[in-house]
Amino acid sequence: MTDERIARFIRKHHVLTIATSVDNEPWCANCFYVYLEEENALVFTTDPETRHGKEFLKNRLVAGSVVLETNIIGKIRGIQFQGIVSEPAGELAEKSKRSYLKRFPVAMLMDTHLWVVELTHIKMTDNRMGFGKKVIWNK
Numbered sequence: 003m004t005d006e007r008i009a010r011f012i013r014k015h016h017v018l019t020i021a022t023s024v025d026n027e028p029w030c031a032n033c034f035y036v037y038l039e040e041e042n043a044l045v046f047t048t049d050p051e052t053r054h055g056k057e058f059l060k061n062r063l064v065a066g067s068v069v070l071e072t073n074i075i076g077k078i079r080g081i082q083f084q085g086i087v088s089e090p091a092g093e094l095a096e097k098s099k100r101s102y103l104k105r106f107p108v109a110m111l112m113d114t115h116l117w118v119v120e121l122t123h124i125k126m127t128d129n130r131m132g133f134g135k136k137v138i139w140n141k
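With my numbering applied, the sequence shown covers 3 to 141.
Spelled out as structure tokens, the structure:
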């Protein structure tokens, strides 16, 4: 289980930036997400035909971030993460779908292709704890 400060921050927000890299070409995209705390994973939806969707199938190792947008240096907070992306199956697929639709009911009206990022490394910055203070978590 991750540090509670990290989990609380992830639960509070809902947009991530996810980065892929295939053939030495980086790419990133923004997606709405929901946090599965027991699995320490982020669930999001994107079409498999998007650039990042296609790249997930070529290189499952991803990086990303979730940030609080602020101009006040003393309130800067955010996480950077690394993880392994996959298409959920079985029980995880059902839990992912329930959780995602509960948080984003409008997704019921769309073709939602779910993905899960199993978090393997998280670095949280929280300047409220002191300038440049970091909390690191590794699986």
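Beta carbons are placed, not taken as given, at the ideal position from N, Cα and C, and that holds for glycine.
Cα separation between residue i and residue j?
{"i": "Y37", "j": "G55", "result": "19 angstroms"}
{"i": "I138", "j": "G92", "result": "31 angstroms"}
{"i": "I20", "j": "A65", "result": "6 angstroms"}
{"i": "E57", "j": "R10", "result": "30 angstroms"}
{"i": "T114", "j": "E40", "result": "22 angstroms"}
{"i": "V108", "j": "F83", "result": "27 angstroms"}
{"i": "Y35", "j": "K125", "result": "18 angstroms"}
{"i": "I75", "j": "L121", "result": "27 angstroms"}
{"i": "H123", "j": "L44", "result": "13 angstroms"}
{"i": "D49", "j": "Y102", "result": "15 angstroms"}
{"i": "L94", "j": "T4", "result": "19 angstroms"}
With distances taken between CB atoms, is the gap from residue i to residue j smaller than 8 angstroms?
{"i": "C30", "j": "F46", "result": "no"}
{"i": "N61", "j": "S23", "result": "yes"}
Residue i lies in the alpha helix (DSSP H); which residues open and close that run?
{"i": "K141", "result": "From DSSP, K141 is part of no alpha helix (DSSP H); its letter is neither H nor E."}
{"i": "A95", "result": "G92 to R105"}
{"i": "G55", "result": "R53 to K60"}
{"i": "R130", "result": "Note, R130: premise wrong, no alpha helix (DSSP H); not H, not E."}
{"i": "I8", "result": "E6 to K14"}
Could you check what DSSP says for residue i in three-state terms: helix, strand or coil?
{"i": "K135", "result": "coil"}
{"i": "I20", "result": "strand"}
{"i": "S74", "result": "The sequence shown places Ile at residue 74, rather than the Ser named in the question. I74 falls in the coil class under three-state DSSP."}
So residue i is in the beta strand (DSSP E); what residue range does that whole segment cover?
{"i": "H115", "result": "Taken as a continuous stretch (DSSP letters only), H115 belongs to no beta strand (DSSP E), as it is neither H nor E."}
{"i": "I86", "result": "R79 to S88"}
{"i": "P28", "result": "E27 to L38"}
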